[in-house]
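Right, one structure below, let's go through it.
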Amino acid sequence: MSSENRKDEIPSDGATANAGASGSRADKEKTLRGSDSRMATDRAFRRACVIIAGISVVILTFLLGSIVLQGLPSLSITLLTGTPEPEPSQAGAWPAIAGTVWVCTICALITLPIGIGTAVLIEEFRPKSRLGRRLLSLIQLNISNLAGVPSVVYGILGLTAFVSMFGLFGAAKNGEPAFEIGATYYDQFTNLASDPFLSMGIEDAEERYFLAPVAASSDPPTVPKSGMTMFEYIGETLEPVTINVVGAEDFPPTDPKELSLSVDGNSIPGRISEKAWYYFRLPFGRGVLAGALTLMLVILPVIIISSQEALRAVPSSLRDGARGLGATSWQVIWNITLPAASPGILTGSILAMSRAIGETAPILIIAGIVYIRNAPHHLMDSYTVLPLQIYNWTSRPQEEFHAIAAAGIVVLLVILLSFNAIAVILRQRMQNKVR
Amino acid sequence: MTTNTLEPIEKRNMNTVTPELANQSEDSTPAIQADNLNAWYGDFQALHSISLSIPKKQVTAFIGPSGCGKSTLLRWFNRMNDTIHTARATGNLSLGDMDLLDSSTDVVDLRRRVGIVFQKANPFPKSIFENVAFGPRLHMRLEKSELSDLVEWALRKAAVWNEVKDRLNAPALGLSGGQQQRLCIARAIATGPEVLLMDEPCSALDPASTLAIEDLIDELRDQYTIVIVTHNMQQASRCSDKTAFFFEGRVIEFDTTEKLFTQPDSQTTDDYVRGRFG
Chain A
1 MSSENRKDEI PSDGATANAG ASGSRADKEK TLRGSDSRMA TDRAFRRACV IIAGISVVIL
61 TFLLGSIVLQ GLPSLSITLL TGTPEPEPSQ AGAWPAIAGT VWVCTICALI TLPIGIGTAV
121 LIEEFRPKSR LGRRLLSLIQ LNISNLAGVP SVVYGILGLT AFVSMFGLFG AAKNGEPAFE
181 IGATYYDQFT NLASDPFLSM GIEDAEERYF LAPVAASSDP PTVPKSGMTM FEYIGETLEP
241 VTINVVGAED FPPTDPKELS LSVDGNSIPG RISEKAWYYF RLPFGRGVLA GALTLMLVIL
301 PVIIISSQEA LRAVPSSLRD GARGLGATSW QVIWNITLPA ASPGILTGSI LAMSRAIGET
361 APILIIAGIV YIRNAPHHLM DSYTVLPLQI YNWTSRPQEE FHAIAAAGIV VLLVILLSFN
421 AIAVILRQRM QNKVR
Chain B
1001 MTTNTLEPIE KRNMNTVTPE LANQSEDSTP AIQADNLNAW YGDFQALHSI SLSIPKKQVT
1061 AFIGPSGCGK STLLRWFNRM NDTIHTARAT GNLSLGDMDL LDSSTDVVDL RRRVGIVFQK
1121 ANPFPKSIFE NVAFGPRLHM RLEKSELSDL VEWALRKAAV WNEVKDRLNA PALGLSGGQQ
1181 QRLCIARAIA TGPEVLLMDE PCSALDPAST LAIEDLIDEL RDQYTIVIVT HNMQQASRCS
1241 DKTAFFFEGR VIEFDTTEKL FTQPDSQTTD DYVRGRFG
């Protein structure tokens, strides 16, 4: 045993402490701790670690096991592809699954550049001026505190900032957009043949829908006139048709062809809209984008902090090496620092994204519990997410829905794990590249 | 290190990518000239009125006890001190007609002309090839074949080619400490610098690797102006032409290595080179 051990001696096991540095050889022998007791402590510590780790594994296995046992019987193709019908046997979660994937993908695409960029600014471009440094430490303090804010608070913030945009575009009237591109509005009329009373006895009379384009969603309803050109869907394309208008006093035509082209002059059309994939509106409304931005607020602090840690762990000798070769700040960051930090950044991002996938409270505030039949088609489309759908199912009184909720949890876990698996594989690849 | 095999590659590359090397003549104008240079870190003055001229295409050694300012001066030669925001300097420091203290100096170009090798080998966590190709890629657009010629030339020049030629795509961190340091030297000379700064390049290496680096310095002295900071007095006396002795931020003595080690003017220098302190 070297004399170095004496530096951190702790009196125990009958060994007398000898604080005085000048002791005889015999005194030194006395103060050395017995090897046996130290080894015993070492073994006990290792055992304690195994037990503690084991407890968490057991709890996790128990939870997962009970969920899987409950959910497996209800796990079916219908659950994955179906819509949330009120009948438990037909209920599916497809709109929620698609909504989760949409929201989380968009959230990741927005958050990662912002989060990593902020971390790079803080770690790599430390300002030189005193004021700049003050400002930076203030930002740093804010980021650390924001990581602990309950997510429901972010939900309310998102509602104000993204859904209604602080009312900058005028008080939201039923959430109507103040500005939009990519939307076309139609007034939809049904023909007389769809009236079961009028079409009685007239065979070949088929139900048809005619669409009259309107300029804006707020326009007054179209008044149908005879000889007016409307549009009709033939398959996927809109074809023009000339319609007849039958007044209240007129007799409806008896010719099936003519009847199917006739519209009741007093009918009130339904306003429908077609939205292109690039549909965009201001304020954002309760759409996918608002949800993704709100989740961004929730996970941004986590991503910034973990990216900062990863960047800080890159040895400064690498930066000096690149700088010494004449690399600019951008070249150092892009070629050296970020690649070296990427495994750490990815680990933080995985954890943050897992949180985003499971987050319910802010989405509940942004999207509300709405009945959604379709996967989102554009950034402003209404949506629901799996956690919300599960929450919805668990709050139903029927026992069957609880089993479906358990199956939904299994699906959510599978999505979560596959997101994580992709990220872990990516990280492994990067690590192999780096080492 | 068989010279006859590396001749042709060397010549070809000198014409294409490292033209400065070819037409540097044996003139007596100094490579780097410092006049009354004072440098601070915050309130601490690290250098006191340094005046010295680093001769071209010779090896100049900086010796002195720890904290005497030799590394600080070296880091001013290619403005590595820019990363330390409390560092500042007054006086004159020039490389040819380039003012090294002017804030408008193009540090990117300066660092291409003045390469640096650090105390601890710091290969990038990339392949061996990528490490050497990193510098040239920053400054030049090269064809693939030109780049691989240049990498081979630099690795041969740094006497590490024979050890790595079969595993250019292997990670550089898998090399031994001495190989890593020679790789870093190859990386530094691949950008075609005029001056090569070495900040205690052998202090973390075993004797065999140290010997390899010293041999390498000997090989490179004809083409590069080399400034080496060292704590190893034997190393300074073995491989340098001129030596500067630093003490407490001042240059106590700057002379030919032979004179400084055998009959120094100053008593402090004499004490230091005889190992009485430091």
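Taken in sequence, the protein lines are chains A and B.
Going by the working numbering, the first sequence wraps up at 435, each residue one higher than the last.
Going by the working numbering, the second sequence wraps up at 1278, each residue one higher than the last.
Beta carbons are placed, not taken as given, at the ideal position from N, Cα and C, and that holds for glycine.
**Message:** Quick check on A1191 (chain B) - is its C-beta less than 8 Å from some C-beta in chain A?
**Reply:** The residue asked about is misnamed: residue 1191 (chain B) is Thr in this sequence, not Ala. Yes - at least one Cβ of chain A is within 8 Å of the one on T1191 (chain B).
**Message:** Quick check: the Cα distance between A21 (chain A) and V1114 (chain B), rounded to an integer number of angstroms?
**Reply:** Confidence in A21 (chain A) is poor, its pLDDT being 45 and thus under 50, which makes the residue's placement too unreliable to answer from.
**Any C-beta of chain A under 8 Å from that of I1116 (chain B)** = yes
**Asked** For S317 (chain A), which residues in chain B fall below 8 Å Cβ to Cβ?
**Response** F1118, K1120 and N1122
**Separation of G1174 (chain B) from A1046 (chain B), as counted between CA atoms** = 37 Å
**Prompt:** For G321 (chain A) versus F1118 (chain B), is the C-beta spacing smaller than 8 Å?
**Reply:** yes
**Message:** Less than 6 Å between C-beta atoms, sequence neighbours within five positions excluded: which residues of the same chain meet that for T1269 (chain B)?
**Reply:** F1245, I1252 and E1253
**Message:** Counting only Cβ-Cβ distances shorter than 7 Å, please list the residues of the stretch 1125-1145 of chain B near chain A, keeping chain order.
**Reply:** Listed by position along the chain: P1125, F1134, G1135, L1138 and H1139.
**Prompt:** Along chain A, in chain order, which residues have C-beta atoms closer than 9 Å to that of M1198 (chain B)?
**Reply:** Result: empty, since nearest Cβ-Cβ is about 11 Å, beyond 9 Å.
**Message:** Within the continuous alpha helix (DSSP H) that includes T337 (chain A), where are the two ends?
**Reply:** Neither: T337 (chain A) is in no alpha helix (DSSP H) and is coded neither H nor E.
**Request:** Give the DSSP bridge partners of S494 (chain A), in chain order.
**Result:** Given that chain A is displayed from residue 1 to residue 435, the structure contains no residue 494 (chain A) and the question cannot be resolved.
**Asked** Does the beta-carbon of N1023 (chain B) have 16 or more other beta-carbons within 10 angstroms, so that it is buried, or is it exposed?
**Response** Because N1023 (chain B) carries a pLDDT of 44, less than 50, the predicted location of this residue cannot be relied on, and the following value inherits that uncertainty. With fewer than 16 other Cβ atoms within 10 Å, it is exposed.
**Request:** Check the Cβ of N1169 (chain B) against every Cβ in chain D and list those closer than 8 Å, keeping chain order.
**Result:** Within the model displayed, chain D is absent; protein chains A and B are what it includes.
**Request:** Tell me whether V57 (chain A) is buried or exposed, calling it buried when 16 or more other Cβ atoms sit within 10 Å of its Cβ.
**Result:** exposed
**Request:** Using a cut-off of 7 Å between C-beta atoms, extract the partners of A327 (chain A) located in chain B.
**Result:** L1138
**Request:** Determine the contact status of A403 (chain A) and Q90 (chain A), defining contact as a CB-CB distance below 8 Å.
**Result:** Taking 8 Å as the cut-off, the Cβ atoms of A403 (chain A) and Q90 (chain A) do not count as close.
**C-alpha distance - V1160 (chain B) paired with L338 (chain A), whole-angstrom precision** = 28 Å
**Request:** Please confirm whether I1287 (chain B) and I1032 (chain B) have their CB atoms less than 8 Å apart.
**Result:** Outside the modelled stretch of chain B, which goes from 1001 to 1278, sits residue 1287 (chain B), for which no answer is possible.
**Request:** Enumerate in chain order the residues of its own chain whose CB-to-CB distance from G115 (chain A) is below 7 Å, with the five nearest sequence positions on each side excluded.
**Result:** L300, I303, I304 and S307
**Asked** So, using beta-carbon positions, are A1158 (chain B) and L1216 (chain B) closer together than 8 Å?
**Response** Yes.
**Message:** Given this structure, state the Cα-to-Cα distance separating D1106 (chain B) from N1081 (chain B), to the nearest angstrom.
**Reply:** Whole-angstrom Cα-Cα distance: 14 Å.
**Request:** Report yes or no: is there a C-beta of chain B within less than 8 Å of the C-beta of D320 (chain A)?
**Result:** yes
**V223 (chain A) classed as buried or exposed, judged by whether at least 16 other C-beta atoms fall within 10 angstroms** = Counting C-beta atoms within 10 angstroms of its own C-beta, V223 (chain A) has fewer than 16 neighbours from the protein chains shown and is therefore classed as exposed.
**Request:** Assign R126 (chain A) to one of three DSSP states: helix, strand, or coil.
**Result:** coil
**Asked** How many whole angstroms separate the CB atoms of F1129 (chain B) and N1169 (chain B), which I take to be in contact at a CB cut-off of 8 Å?
**Response** 6 Å
**Message:** For the structure I just gave you, are there three or more beta carbon pairs, one from the stretch 260-280 of chain A and one from the stretch 326-346 of chain A, closer than 8 Å?
**Reply:** no
**Prompt:** Just by C-beta distance, which residues in the stretch 117-151 of chain A are closer than 8 Å to chain B?
**Reply:** R126 and K128
**Request:** Name, please, each residue of chain B whose Cβ falls closer than 8 Å to the Cβ of Q331 (chain A).
**Result:** L1138
**Item:** Helix, strand or coil at F62 (chain A) according to DSSP, with G and I counted as helix
**Value:** In the three-state DSSP reduction, F62 (chain A) falls in the helix class (H, G or I).
**Message:** Tell me which residues of the stretch 1094-1109 of chain B have at least one Cβ-Cβ distance to chain A shorter than 9 Å, keeping chain order.
**Reply:** V1107, V1108 and D1109
**Message:** Would you say R429 (chain A) lies against chain B (beta-carbon separation less than 8 Å)?
**Reply:** no
**Prompt:** When DSSP labels each residue in this structure, what does A1154 (chain B) get in the three-state scheme?
**Reply:** helix
**Item:** N- and C-terminal bounds of the beta strand (DSSP E) containing E274 (chain A)
**Value:** That run of the beta strand (DSSP E) goes G270 to L282.
**Request:** Please classify T1262 (chain B): does DSSP put it in a helix, a strand, or coil?
**Result:** helix
**Prompt:** Is there contact here, the stretch 1181-1197 of chain B with the stretch 1125-1144 of chain B, by at least three beta-carbon pairs under 8 Å?
**Reply:** yes
**Asked** Is any beta-carbon of chain B found at less than 8 Å from that of I114 (chain A)?
**Response** no
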